[in-house]
Amino acid sequence: MDSHLRVFVTVAEKKNFSRTAEELHMTQPAVSQYIQALERTVGAKLIERNNKFVCLTKAGDIVYHHAKEIMGLYTHMQSLVDDLMQVASGNLSIGASYTFGEYILPHVIARLHGRYPLIQPTVTIGNTTEIAESVADRRLDVGIVEGEFNHERLNTESFAKDWMVIIVPADHPLTRQKEVTVPDLKKENWIVREKGSGTREATEKMFKKLGFTPDHLMEFGSTQLIKESVEAGLGISFLSNWAVRKEESLGTIHLLKMDGTPIPRKFTWITQDTPFQTKALEVFIDEMRRLETLFSTDDPRQ
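Going by the UniProt record's numbering, the sequence shown opens with residue 1, and the numbers climb by one from there.
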C-alpha cells in the first residue's frame, strides 16, 4: 500500500502532525515530507495547517475519501491472498444496527471466537443507513441491519425473525384494560428512534398498519435511553422483543397485547458486491446461518 496515502489518512483522522508521527513511529518532519510529496503528485494543496489545527481542503476531502477506499481494497486483497495458505484468521470489521449489535451480536461473536480464535473482529454500531454506507464505502466487511433492505451496490440476504412489541411502564393504566384500542394508543406519548434506523422504520409501518398517527411524539437516538424513559413513565414505545427481554423479566416494563401486534420482521446482512470474500467473512456468515436458531424468537404472545 502506498505509504503516502497511509500518512495522509492518519493526519486527516488525527488532525495533528505530532500524533500522526507518534502513531506511525515516524518523525514529524518525515510526516510533513510525505504530505508535501503527495500534494505534488496530486497537484493540489490537501491540508491547511497552523499552530492550532489541521484541516482538509476541498481537494483533501476528495483524496481522503478515495484513499480510504484504496486502503480498504488493499487490505481486502491481502486477506484474500493470505487465505490461500492459512486458516480463517485476521481482521473482520462488522457493523450492526443497534438492536442486533447490542443484544444479539455478542452471542454470535462469542461462538465465532470459540471456533476461530485467530479471527479478530471489530464492531461498529450505528443506524441502518450509517451501516449500509460504511459497507458500500468498504469501511466495513459486513453489516447486519434491521428489516428488509436493498441497495444497488451491495449484496443483501434476509435472515432470522424478530418480533416488534409495544412496551409501556409496568404500572401504566393500559395494562389494566381488558381491551386496548387504537384511540388509546393515539393519545399516548410515543418515544421513537431517529429517522434512518430500522426500528423507526418498523414503528412507522406499525402506525400505518394500525391506522393512526400519535398526538405526541418524542425522538431519541438510543434504544437504551428509550427503555429507561419508558420505565420512568415518560411514554410508550415500539421495540424489538430482544431489546426488552431483560426489563420484561424484571417486571419494569409491560408488553402490551392487542390485535395486530406483535409484528414480525427480519434482520438482513449486507456485504460488498464482489465475488471474493475473505475466509474470515465466509466463516462469519456460515456461523450466522448455523446460529440462526439462537436469535430467532417465537411470537412473545405464545
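Note that beta-carbon positions come from the ideal geometry of N, C-alpha and C, so glycine has one too.
Note that the structure is predicted; figures quoted are calculated from it, not measured.
- Residue environment analysis places Gln272 among the buried positions, since at least 16 neighbouring C-beta atoms fall within 10 angstroms of its C-beta.
- Bounds of the alpha helix (DSSP H) holding Gln28 are 28–42.
- Note on geometry: alpha-carbon atoms of Glu247 and Phe53 lie some 46 angstroms from one another.
- Membership of Arg49 in the beta strand (DSSP E) is indicated by the continuous run 47–49.
- For Ala96, there is no enclosing alpha helix (DSSP H); the enclosing beta strand (DSSP E) covers residues 90–96.
- When DSSP states are grouped into helix, strand and coil, Glu148 belongs to the coil group.
- One thing to note: Met71 has its Cβ no nearer than 8 angstroms to the Cβ of Leu140.
- Sequence-distant partners of Leu154 (beyond 5 residues in either direction) whose C-beta falls short of 8 angstroms from its own C-beta, in its chain, are Ala132, Val135, Ala136, Ile270, Thr271, Gln272, Asp273.
- Met218 has Ile191 as its beta-bridge partners, per DSSP.
- Thr99 and Glu146 have their alpha carbons spaced roughly 8 angstroms apart.
- Around the C-beta of Leu217, fewer than 16 other C-beta atoms lie within 10 Å, and the residue is accordingly described as exposed.
- Just so you know, the alpha carbons of Met164 and Glu23 end up roughly 45 angstroms apart.
- Under the DSSP assignment, Asp184 falls in the alpha helix (DSSP H) whose first and last residues are 182–186.
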